[in-house]
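Have a look at the structure below, then the notes.
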Amino acid sequence: MSVYCKYCGESASNERVLLNRWCPKHPSGQNKGKHALYEGGEKSEYVCVYCGEKYHSLRSLCNGWCNRHPNGQKRGKHSPAR
Ligand SMILES: [Zn+2]
Ligand SMILES: [Zn+2]
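Counting in my numbering, the sequence shown runs from 111 upward without gaps.
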């Protein structure tokens, strides 16, 4: 089973490997921090916690600008709900 980063949707074979890599979409800036574990696991559908948009992959969810981001409209990317 794969594990996923909740910021960028990157997958890794296990949590230790994932958390050791730099995240290109870390909230503090590109590669300013490591990936963070998405605790929802593998799903057929992922929902944005802010706007409710649905995506079939975590990576495409994390790539889309969110209309209801707390920092303002399209000031940040979608974030997956558990
Ligand atoms: Zn990441
Ligand atoms: Zn959203």
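Glycine included, every Cβ here is placed at the ideal spot set by N, Cα and C.
It should be emphasised that the depicted structure is a prediction, and the values quoted were computed from it without experimental measurement.
Straight-line Cα distance separating residue j from residue i
i: Leu128; j: Ala191; result: 19 angstroms
i: Lys164; j: Ser138; result: 25 angstroms
i: Gly143; j: Gly119; result: 15 angstroms
i: Ser167; j: Tyr114; result: 10 angstroms
i: Lys135; j: Asn141; result: 7 angstroms
i: Tyr160; j: Pro180; result: 8 angstroms
i: Tyr117; j: Leu171; result: 10 angstroms
i: Cys176; j: Tyr156; result: 14 angstroms
i: Asn173; j: Arg185; result: 12 angstroms
For residue i, the three-state DSSP class (helix, strand or coil)
i: Cys158; result: strand
i: Cys115; result: strand
i: Ser170; result: helix
From the options, residue whose alpha carbon lies closest to that of residue i
i: Ser112; options: Gly150, Cys133 and Trp132; result: Gly150
i: Glu152; options: Ser123, Cys133, Gly162 and Lys184; result: Ser123
i: Trp132; options: His145, Glu125, Lys187 and Gly186; result: His145
i: Cys162; options: Arg178, Leu147 and Arg169; result: The sequence as given places Gly at residue 162; Cys does not occur at that position. Closest by alpha carbon: Arg178.
i: Leu147; options: Ser121, His188 and Lys184; result: Ser121
Residue burial classification, residue i (beta-carbon count within 10 angstroms, cutoff 16)
i: Ser154; result: exposed
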